[in-house]
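>
Number of protein chains: 2
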Amino acid sequence: MTGRKDAGAAGLAALAGLIADETRAACLLALLDGRAWTASELARHAGVAASTLSEHLGRLVAGGLLTEERQGRHRYVRLAGPQVAQLVEELAAQVEPGVRAARRRTLRASGAAAAMAHGRTCYDHLAGRLGIAVADAFTARGLLRQDTGFALTDAGLRWFDTAGIGLDRTGRRPLVRSCLDWTERRPHLAGVAGAALCRHALDAGWCVRIGSERAVRVTAEGERALSALLGIEAAALR
Amino acid sequence: MTGRKDAGAAGLAALAGLIADETRAACLLALLDGRAWTASELARHAGVAASTLSEHLGRLVAGGLLTEERQGRHRYVRLAGPQVAQLVEELAAQVEPGVRAARRRTLRASGAAAAMAHGRTCYDHLAGRLGIAVADAFTARGLLRQDTGFALTDAGLRWFDTAGIGLDRTGRRPLVRSCLDWTERRPHLAGVAGAALCRHALDAGWCVRIGSERAVRVTAEGERALSALLGIEAAALR
DNA sequence: GGCACACTTCGGCGGGCGCCGAAGTGTTCG
DNA sequence: CGAACACTTCGGCGCCCGCCGAAGTGTGCC
C-alpha cells in the first residue's frame, strides 16, 4: 500500500455522489412511495427544467438506483428495488436529527406533514404512527420479537397464515426487517412480511391513500380489522 | 407544493455529499476498523497532502460523521458511532456488485485482500468468513434465528451468559443486528452482541489483528474455544 | 531556547457539475 | 397531416469543490 486509495473508495464515492445532489435527492425521496413517476412529474416536483431532470434520471438509472420503463412518449421510473429504498431510508433517517430543528420551525405549516406523520407508506410497507402501532401490537401479542433483535415468532407466522396473508419465502429478500421510522424514531415492520401486510391493508380497504402522496388514512373498516386482529385501539391511530 | 424541493432533500444531499468524495470515502472505509487514526495517517493512506486532508476532516466532523479527540499535537478521529459504521457498511455493500468485476481483475493481487476475506473486524464486530462461520454456528445450534428475521433466541441469551460475555442492554443500540458481509454477501452478527463477542475474542486471544489493518487471524487457542463453545471446525476457518 | 513535527489557514488553480434555453426526435391525438 | 406533447441532446454559463504549496500556529523533545 504505497498511499494510493482503496478500490472500494471510488465506488463508494460514486454511489454517494448519485444521491449528493438536491434535485436527485428530491427525486429519490419522492420515489420512496414505491410507485412509478414520469420524468415531467419529477421535474415539476423538484422545480427544475425537463432537460435538467432528464440528465439526472439518466445518471440514476445508469447507477442502478432506478429502473425505467418506457411507454409511448412517457418515461416511467421507479426505485430499482427494496435495497435502494432501504438505503435511501437509512440515509434519510440519519439526517433527521439535524433537520428536526428546521421541521420545528415550519411547525405544522402543512397539514400534509401531519398526515405523513400519522400514517404513510415507506416504499412498500406501513410507517408513521400507524406503522409503529402495528409493530407494537405485534410485539405485545408475542408475534414479533424486538428485545433480542427483530424477528417474527412462530406465533407471528401463524398469524399471517390465519389472516390469509401469504408470505413469499422463496426470494432472497428477508422475511422481516426493521426499518427506522423518520418521524417516530422507532423501528417498524419491513421486509417481505411488512410489504405483504401493507399490500393487504390497501387491498382490503383497511386504509386508503390520501391524495397523490405517500400519506394513508385508516378507514372505519380498517379500525375494526386492526382491533379484531391485533387489538389496536382506534384511539391509538388518531 | 409549488414545485419547490422538500426540506429533507437538502439534508439528504448534504449527508451523501460528505461521502461523495473519493478521499473522504477512503477515510471512512479506513476508519471502519473502529480505531482512531491521526490526520497524517489518513493523509498518507489516502495519498493527499496534509492540508487537503485537514479540510476533509473538518467537514466530516462538522457533518457529524466523525468525532475528534485532540491529544497534544495530534488530531485523532474515529467514526462517530455504530450508526455511522452501519451507514458506510450499507453503502459499501450496495457498491460491491459493481466493483466485483474490478476485484476479479486484480485477482488475488494482494495477500492482504485474501486475509481480509478470511477474517476481519467490521467496525466493532467480526466479519469475513470468520464472521459468517460464527453466525452460521449460532444459527445451527438454535442460538440465533435467521429464518424469520434476525434475533437471538432465549438459548442464545443463555449462551452469552454461560460464556461469561456480558451484554449491556441499557443503551439504545439494538442487542443484535444483521450486517451484510462485503465479501461473503451473507449476514453476520452485529449490534451489542456482535461487539461484545468480538471484544471478548480479541481479549481472550481467540484471534489477533494482522498488521495495522482490519484483518484478524484465529489463534490455536481460538480454534479450541470456537470448537468447544460453538462447534465450529477449525477447517471451516481456513 | 531551538528545532522538529502535526496540523491549520490561505490563495490560487483547474476541473467537474448543475442549470438553462433552444433545437431535435419520437409519440399521440384530432 | 399537423399540432401538441414528452423527452433528449447540445452549448454555454457560472459556481463549487478538491487539490496543492507556502506560510502560520501550537506542541513536544533535546
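One line per chain: the protein sequences are H and Z, in this order.
Per full-length UniProt numbering, residue 1 is the first one in the first sequence, and the count goes up by one each step.
Per full-length UniProt numbering, residue 1 is the first one in the second sequence, and the count goes up by one each step.
Every residue, glycine too, gets a C-beta built ideally from N, C-alpha and C.
Looking only at its chain, what residues have a beta carbon closer than 8 Å to the beta carbon of V208 of chain H, apart from the 5 residues adjacent to it on each side?
Here residue 208 of chain H corresponds to residue number 208 of the first sequence, with the count starting at 1. L202, V216, R217, T219, listed in sequence order.
> Along the stretch 191-205 of chain Z, where does the CB come closer than 7 Å to a CB of chain H? Name the residues.
none
> Express the C-alpha separation of C179 of chain H and M116 of chain Z in angstroms, rounding to a whole number.
Within the second sequence, the letter at position 116 stands for residue 116 of chain Z. Within the first sequence, the letter at position 179 stands for residue 179 of chain H. Between M116 of chain Z and C179 of chain H, the C-alpha separation is close to 29 Å.
> How would you call R224 of chain Z, buried or exposed, if buried means at least 16 neighbouring beta carbons within 10 angstroms?
Within the second sequence, the letter at position 224 stands for residue 224 of chain Z. By the neighbour-count rule (16 or more Cβ atoms within 10 Å), R224 of chain Z is not buried but exposed.
> Do the stretch 16-26 of chain H and the stretch 7-25 of chain Z make contact, defined as three or more Cβ pairs closer than 8 Å?
yes
> Taking all protein chains shown into account, decide if T170 of chain H is buried (16 or more other Cβ within 10 angstroms of its Cβ) or exposed.
If you number the first sequence from 1, residue 170 of chain H lands on position 170. Result: exposed.
> Identify the contact partners of R145 of chain H in chain Z, using a Cβ-Cβ distance below 7 Å as the criterion.
To locate residue 145 of chain H, count along the first sequence from 1; it is residue 145. The answer, in chain order, is A151.
> So is Q86 of chain Z buried or exposed if we call it buried at 16+ other beta carbons inside 10 Å?
Against the second sequence, residue 86 of chain Z aligns to sequence position 86. That one is buried.
> What does DSSP give as the partner residue(s) for R217 of chain Z in the beta ladder?
Sequence index remark: in the second sequence, residue 217 of chain Z carries index 217 (1-based). Partner(s): Z:V208.
> Could you tell me whether any Cβ in chain H is nearer than 7 Å to the Cβ of L12 of chain Z?
Counting from 1 along the second sequence, the entry for residue 12 of chain Z is found at position 12. Yes, contact with chain H.
> Using the C-alpha atoms, what's the distance from L18 of chain Z back to G63 of chain Z?
Along the second sequence, read from residue 1 onward, the residue named residue 63 of chain Z stands at position 63. Along the second sequence, read from residue 1 onward, the residue named residue 18 of chain Z stands at position 18. Spanning the two alpha carbons is a distance of roughly 7 Å.
> Return the first residue and the last residue of the beta strand (DSSP E) that T67 of chain H is part of.
If you number the first sequence from 1, residue 67 of chain H lands on position 67. It spans 66-71 - the beta strand (DSSP E) in which T67 of chain H sits, taken as one unbroken run.
> Are the C-beta atoms of A117 of chain Z and some chain H residue less than 7 Å apart?
As a working mapping, residue 117 of chain Z is identified with position 117 in the second sequence. No - not a single Cβ of chain H is within 7 Å of the one on A117 of chain Z.
> Does chain H have any CB closer than 7 Å to the CB of E22 of chain Z?
The count along the second sequence starts at 1 and reaches residue 22 of chain Z at position 22. Yes - at least one Cβ of chain H is within 7 Å of the one on E22 of chain Z.
> Across which residues does DSSP place H56 of chain Z in a beta bridge pair?
Numbered from its first residue, the second sequence carries residue 56 of chain Z at position 56. Answer by DSSP bridge pairing: none, since H56 of chain Z is not bridged.
> Does the beta carbon of R108 of chain H sit closer than 7 Å to a beta carbon anywhere in chain Z?
The count along the first sequence starts at 1 and reaches residue 108 of chain H at position 108. Confidence at R108 of chain H is low in this model, with a pLDDT of 46, below 50, so the placement of that residue should be treated as unreliable; the coordinate-derived value is given next. R108 of chain H does not count as touching chain Z.
> Are the stretch 181-191 of chain H and the stretch 123-142 of chain H touching, with three or more C-beta to C-beta distances below 8 Å?
yes
> Out of curiosity, what's the CA-to-CA distance linking A93 of chain Z and A10 of chain Z?
Counted from its first residue, the second sequence places residue 93 of chain Z at position 93. Counted from its first residue, the second sequence places residue 10 of chain Z at position 10. Spanning the two alpha carbons is a distance of roughly 24 Å.
> Could you check which residue in H:G194, H:W37, H:T38 has the C-alpha nearest to that of I165 of chain H?
Working through the first sequence from its first residue, we reach residue 165 of chain H at position 165. Cα-wise, what sits closest to I165 of chain H is H:G194.
> CB-CB under 7 Å to A151 of chain H, same chain, minus the five flanking residues each way: which ones, in chain order?
Taking the first sequence and counting its residues from 1, one reaches residue 151 of chain H at position 151. R145, V176, listed in sequence order.
> Where does D161 of chain Z land, buried or exposed, given buried means 16+ other C-beta within 10 angstroms?
Taking the first residue of the second sequence as 1, we reach residue 161 of chain Z at position 161. Around the Cβ of D161 of chain Z, a 10 Å sphere holds fewer than 16 other Cβ atoms; the residue is exposed.
> If you draw a straight line from the alpha carbon of A133 of chain Z to that of V88 of chain H, how long is it in whole angstroms?
For the purposes of this step, residue 133 of chain Z is identified with residue 133 of the second sequence, where counting begins at 1. For the purposes of this step, residue 88 of chain H is identified with residue 88 of the first sequence, where counting begins at 1. Taking the straight line from one Cα to the other gives about 30 Å.
> So, does the CB of I165 of chain Z fall closer than 7 Å to a CB anywhere in chain H?
Start at 1 with the first residue of the second sequence, and residue 165 of chain Z comes out as number 165. No, I165 of chain Z lies away from the interface with chain H (no Cβ there is under 7 Å from its Cβ).
> For T139 of chain H, name the three-state secondary structure that DSSP assigns.
Here the question's residue 139 of chain H lines up with position 139 in the first sequence. T139 of chain H: helix per DSSP, three-state reduction.
> Spell out a yes or no on whether the stretch 27-41 of chain H and the stretch 59-79 of chain H are touching, meaning 3 or more CB-CB pairs, one atom from each, closer than 8 Å.
Between the stretch 27-41 of chain H and the stretch 59-79 of chain H, the count of C-beta pairs closer than 8 Å reaches three or more; the two stretches touch.
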